[in-house]
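Reviewing the structure listed below.
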Amino acid sequence: MTQPLQLPTSIDETVKLLKSAGYVSDRPLATVLFLALKMERPLFLEGEAGVGKTEIAKVLAASLGRRLVRLQCYEGLDVASAVYEWSYAAQMMAIRLAEAAGTVDREQLEHDIFSERYLLRRPLLQALEGDTAGPPVLLIDELDRADEAFEAFLLEVLADSQVTVPELGTIRAERPPIVVITSNRTREIHDALKRRCLYHWVDYPTAVRELAILKAKVPQAPARLSKEVVAFVQALRREEVFKVPGVAETLDWATALVELDAVALDPAIVSDTLGVLLKYQDDIQKLQGSKVKEMLDAVHADLRAAE
Numbered sequence: 002m003t004q005p006l007q008l009p010t011s012i013d014e015t016v017k018l019l020k021s022a023g024y025v026s027d028r029p030l031a032t033v034l035f036l037a038l039k040m041e042r043p044l045f046l047e048g049e050a051g052v053g054k055t056e057i058a059k060v061l062a063a064s065l066g067r068r069l070v071r072l073q074c075y076e077g078l079d080v081a082s083a084v085y086e087w088s089y090a091a092q093m094m095a096i097r098l099a100e101a102a103g104t105v106d107r108e109q110l111e112h113d114i115f116s117e118r119y120l121l122r123r124p125l126l127q128a129l130e131g132d133t134a135g136p137p138v139l140l141i142d143e144l145d146r147a148d149e150a151f152e153a154f155l156l157e158v159l160a161d162s163q164v165t166v167p168e169l170g171t172i173r174a175e176r177p178p179i180v181v182i183t184s185n186r187t188r189e190i191h192d193a194l195k196r197r198c199l200y201h202w203v204d205y206p207t208a209v210r211e212l213a214i215l216k217a218k219v220p221q222a223p224a225r226l227s228k229e230v231v232a233f234v235q236a237l238r239r240e241e242v243f244k245v246p247g248v249a250e251t252l253d254w255a256t257a258l259v260e261l262d263a264v265a266l267d268p269a270i271v272s273d274t275l276g277v278l279l280k281y282q283d284d285i286q287k288l289q290g291s292k293v294k295e296m297l298d299a300v301h302a303d304l305r306a307a308e
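Per this note's numbering, numbering through the sequence shown is continuous, rising by one, with the last residue being 308.
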């Protein structure tokens, strides 16, 4: 039988835990994560897309050896997709078989077809199931994409680690799952849900931390290239573009440059690969030509001054 891994007992241990799975954390994030684990409270993470919110839940599950249950939110998400639904096809088959046998006890049949045998467990209900490795990590990803009414479905789960199925009653977890909720803040999440969580804003990393992330995730990138990539992306985030690149785009760009055997940045290779870094044509056009060279010159000058 798999023995449950121990939760970190300090903030420093939390930093090491995340680092062991390749996540370079700052201390404020490690602090709120440690408290969420210690207090058994959901962790609500807001921030721009691509800053590593979803990755936190993934590395937490991997480093603790826990099952990851992911609920990807979208417009129109309802209880049938998120919590549970009944296997209507199997129920109809059971009814027809009972009728064919000629021994239909309607009260008993109704009890039988609304038993756990015919219950289809969706992510929220799956997260309440016990596991020898310990409570799973429940990732409720991009909650802001779901309709506001859906948040009401979450309150019972977050407050009491339970779900009510009218036909069966209340299904309660023996121990609450580790809950991580993310939002890109395309809309505000209701206060009733936020009050049940510990909150943290995941910002773009500093240059030092982003370089550490790049070295951890793309270790094959030459040292000079890594420094130039991080410095260029940091400078780009200060430009007036529609969508600034996140850490995910930094890693993708560095990987693409390695695939092209680049050892340093020059205007040509930056212009040719902007589609990896930026996702809107208006932003790409704004940087084409002399703007890329101007930014690169400034990046190279800053790096030389720092040496």
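Every residue, glycine too, gets a C-beta built ideally from N, C-alpha and C.
Rounded to whole angstroms, what is the Cα-Cα separation between residue 81 and residue 62?
Distance from the CA atom of residue 81 to the CA atom of residue 62, rounded to whole angstroms, is 25 Å.
Could you please give me the residues that DSSP links to residue 254 through a beta bridge?
Looking at the DSSP assignment, residue 254 forms no beta bridge with any residue, so it has no partner.
Assign residue 39 to one of two classes, buried (16 or more other C-beta atoms within 10 Å of its C-beta) or exposed (fewer than that).
Classification of residue 39: exposed, given that the 10 Å Cβ count is below 16.
Suppose you measure from the CA of residue 206 to the CA of residue 122; what does that come to, to the nearest Å?
Those two C-alpha atoms are separated by around 38 Å.
Suppose you measure from the CA of residue 291 to the CA of residue 231; what does that come to, to the nearest Å?
Our two residues, residue 291 and residue 231, have alpha carbons roughly 20 Å apart in a direct line.
Kindly identify the DSSP beta-bridge partner or partners of residue 201.
The partner list for residue 201 (beta bridge, DSSP) reads 46.
Between 177, 182, 166, which has its C-alpha nearest residue 152's C-alpha?
Here the closest residue by C-alpha is 182.
Quick one: what's got a C-beta closer than 8 Å to residue 8's C-beta in the same chain, skipping five residues either side?
Scanning its chain for C-beta atoms nearer than 8 Å, with the 5 sequence neighbours on each side dropped, one finds around residue 8 the residues 38, 39, 65, in chain order.
Mapping DSSP to helix, strand and coil, what is residue 184?
When DSSP states are grouped into helix, strand and coil, residue 184 belongs to the strand group.
Once DSSP output is grouped into helix, strand and coil, what is the label at residue 92?
In the structure shown, residue 92 sits in a helix (DSSP, three-state: H, G or I).
Would you report the Cα separation of residue 134 and residue 217, rounded to the nearest angstrom?
Answer to the nearest angstrom: the Cα atoms are 27 Å apart.
Since residue 142 and residue 71 are thought to touch, with beta carbons under 8 Å apart, how far apart are those beta carbons, to the nearest angstrom?
Yes, they are in contact, since the Cβ atoms of residue 142 and residue 71 sit about 6 Å apart, within 8 Å.
Would you kindly report the start and end of the unbroken beta strand (DSSP E) that includes residue 171?
Element bounds for residue 171: 170-173.
Distance between residue 144 and residue 88 (C-alpha atoms, nearest Å)
Straight-line Cα distance between these residues: approximately 26 Å.
Could I get the ranges of all uninterrupted alpha helix (DSSP H) runs contained in the region 191-252, with 4 residues as the minimum, in chain order?
DSSP runs (the alpha helix (DSSP H)) wholly in the region 191-252: 192-195, 208-218, 224-237.
Distance between residue 174 and residue 297 (C-alpha atoms, nearest Å)
Straight across, the Cα-Cα distance linking residue 297 with residue 174 is about 55 Å.
Check the DSSP bridge columns for residue 286 and list the partner residues they point to.
The partner list for residue 286 (beta bridge, DSSP) is empty, contrary to what the question assumes.
In chain order, which continuous runs of the alpha helix (DSSP H) of length 4 or greater are located wholly inside the region 9-59?
The qualifying runs are 12-21, 28-40.
Meets three-Cβ-pair contact criterion under 8 Å: the region 94-111 and the region 218-230
No, because fewer than three Cβ pairs between the region 94-111 and the region 218-230 fall closer than 8 Å, the two stretches do not touch.
Specify the secondary structure class of residue 69 as computed by DSSP and reduced to three states.
The DSSP-derived three-state label of residue 69 is strand.
Extent of the continuous alpha helix (DSSP H) to which residue 161 belongs:
Counting along the chain, the alpha helix (DSSP H) containing residue 161 begins and ends at 152-161.
Which first and last residues belong to the beta strand (DSSP E) in which residue 139 is found?
Residues 138-142.
Leaving out the 5 sequence neighbours to the left and right, which residues in its chain are closer than 8 Å to residue 36 when beta-carbon positions are compared?
Counting only Cβ-Cβ distances below 8 Å, and skipping sequence neighbours, we find 42, 199.
Using the Cβ count rule (16 or more neighbours within 10 Å means buried), how would you classify residue 267?
Residue 267 comes out exposed.
Helix, strand or coil for residue 85, going by three-state DSSP, please let me know.
DSSP places residue 85 in strand when its eight states are reduced to three.
In angstroms with no decimal places, state the Cα-to-Cα distance between residue 3 and residue 167.
A caution first: residue 3 carries a pLDDT of 47, below 50, which makes its placement in the model unreliable, though a value can still be read off. Each residue's alpha carbon lies about 34 Å from the other.
Rounded separation between residue 260 and residue 275 - CA only:
Cα to Cα, the separation comes out at about 15 Å.
Please list, in chain order, all residues of the same chain as residue 14 whose beta carbon is under 7 Å from its beta carbon, the five residues on each side excluded.
Only residues of its own chain outside the window of five on either side were considered, and among them none has a CB closer than 7 Å to the CB of residue 14.
At which residues does the alpha helix (DSSP H) containing residue 305 begin and terminate?
Membership of residue 305 in the alpha helix (DSSP H) is indicated by the continuous run 291-307.
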